[in-house]
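Position 46 of the sequence shown, counted from 1, bears residue number 1275 in this note's numbering, the numbering being contiguous throughout.
Structure, as structure tokens:
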Amino acid sequence: NEFCFLQGSVVFLCPCRMEGKAEYILPTETRYVGEMKDGMFHGEGTLYFPSGSRYDAVWEKGLAIKGTYTFADGLQYDAKNWHYCDGYDRRFYTEICFGLKPSGISQLTNMDPPRTIPPASYDCGDGFYDPNTRIIKDYKNHFLRNAGGFIPTPLRGIWIPSPGPTSQAACRLPCISAFPLWAPFSSCVK
1230 NEFCFLQGSV VFLCPCRMEG KAEYILPTET RYVGEMKDGM FHGEGTLYFP
1280 SGSRYDAVWE KGLAIKGTYT FADGLQYDAK NWHYCDGYDR RFYTEICFGL
1330 KPSGISQLTN MDPPRTIPPA SYDCGDGFYD PNTRIIKDYK NHFLRNAGGF
1380 IPTPLRGIWI PSPGPTSQAA CRLPCISAFP LWAPFSSCVK
């Protein structure tokens, strides 16, 4: 049960079919820290996403049995009672925490004041999506990734319906069951 450190598919000081406590860094810079058995996530472990969000879970043979997704701002996803920024309660999380603005002063995004993004782009948390080029760039206008017709996020993908600016809240459509599974890790690169 030695501590294993992996980066991408390269293994450092780790036997094949990892056992015990491990840290695994995926090519997407998502990091898994937790228990492993027979090369798979098994037991308690956490996925840390580059956006600052995290998924704490109990894993069994690479599958998340139960878990909690927490956004970077501290908002926790509740599968049974999710009413964040919907028809029931349209407040942003910062409005839930700090209250609504006075009448006549609108808050258009969870972040107030909102980030400046190019016209007809979408803010997707780690950058902005340009529907004309189908590219996601960071806020300094550096390429992050191609997007096709959807924005890939830790929660799989969010379909972009029509041109025009939108808020981070539009990218918060949880679908925990759609998490891509990065296990099993059946072999190690030596």
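Ideal Cβ positions, reconstructed from N, Cα and C, are used throughout, including at glycine.
With residue i as the anchor, note down where its beta strand (DSSP E) starts and where it stops.
i	result
F1270	M1269 to Y1277
F1321	No beta strand (DSSP E) contains F1321, which DSSP labels as neither H nor E.
E1258	Premise fails: E1258 is in no beta strand (DSSP E) and is neither H nor E.
I1177	Because the chain spans 1230 through 1419 in this model, residue 1177 falls outside it and cannot be assessed.
W1288	R1283 to E1289
Y1306	Per DSSP, Y1306 belongs to no beta strand (DSSP E) and is neither H nor E.
R1246	It is not in any beta strand (DSSP E) - R1246 carries neither H nor E in the DSSP assignment.
D1208	Coverage of the chain is limited to positions 1230 through 1419, which leaves residue 1208 absent and any answer about it impossible.
Y1358	F1357 to D1359
Taking just the CA atoms, how far does residue j sit from residue i?
i	j	result
A1349	L1329	27 angstroms
G1249	T1345	45 angstroms
I1380	C1353	Legend: pLDDT at I1380 = 47, less than 50; position of this residue unreliable, no value from coordinates given.
T1382	A1308	Its pLDDT being 47, under 50, T1382 is placed unreliably by the model, and the measurement read from it follows with that caveat. C-alpha separation (whole angstroms): 18 angstroms.
T1323	D1302	9 angstroms
S1391	G1281	Low per-residue confidence applies at S1391: pLDDT is 38, beneath 50, and the placement is therefore not dependable enough to give any value.
F1270	F1300	21 angstroms
G1393	P1342	Low per-residue confidence applies at G1393: pLDDT is 38, beneath 50, and the placement is therefore not dependable enough to give any value.
I1325	N1310	15 angstroms
T1395	P1347	Residue confidence is low: T1395 scores 41 on pLDDT, short of 50, so the model does not pin down where it sits. Its coordinate-derived value is still stated next. In a straight line, the C-alpha of T1395 is about 11 angstroms away from that of P1347.
I1364	E1273	35 angstroms
E1264	G1291	11 angstroms
L1373	I1254	18 angstroms
T1275	E1289	13 angstroms
F1321	Y1351	17 angstroms
Y1277	P1331	36 angstroms
K1369	V1262	30 angstroms
N1375	A1251	31 angstroms
H1371	F1327	33 angstroms
When the Cα of residue i is compared with those of the options, which residue comes out closest?
i	options	result
G1268	E1252, T1323, M1247 and F1300	M1247
R1279	E1324, A1251 and T1257	Residue identity check: residue 1279 is Pro in the sequence provided, not Arg. Nearest option by C-alpha distance: T1257.
K1266	Y1277, V1287 and Y1306	V1287
R1319	G1274, I1254, Q1305 and N1339	N1339
R1260	I1364, R1283 and R1374	R1283
Y1306	F1372, E1289 and D1285	D1285
D1367	N1375, D1355 and A1376	D1355
Which residues share a DSSP beta bridge with residue i?
i	result
R1344	DSSP, once it has assigned bridges, lists no residue as partnering R1344.
N1375	I1364
Y1351	Y1358
Problem set entry | Meets three-Cβ-pair contact criterion under 8 angstroms: the region 1359-1373 and the region 1322-1337 | Cβ pair count under 8 angstroms is below three, so no.
Exercise. With contact counted as at least three CB pairs below 8 angstroms, one residue from each stretch, are the region 1282-1299 and the region 1314-1326 in contact?
Worked result: No, the region 1282-1299 is not in contact with the region 1314-1326.
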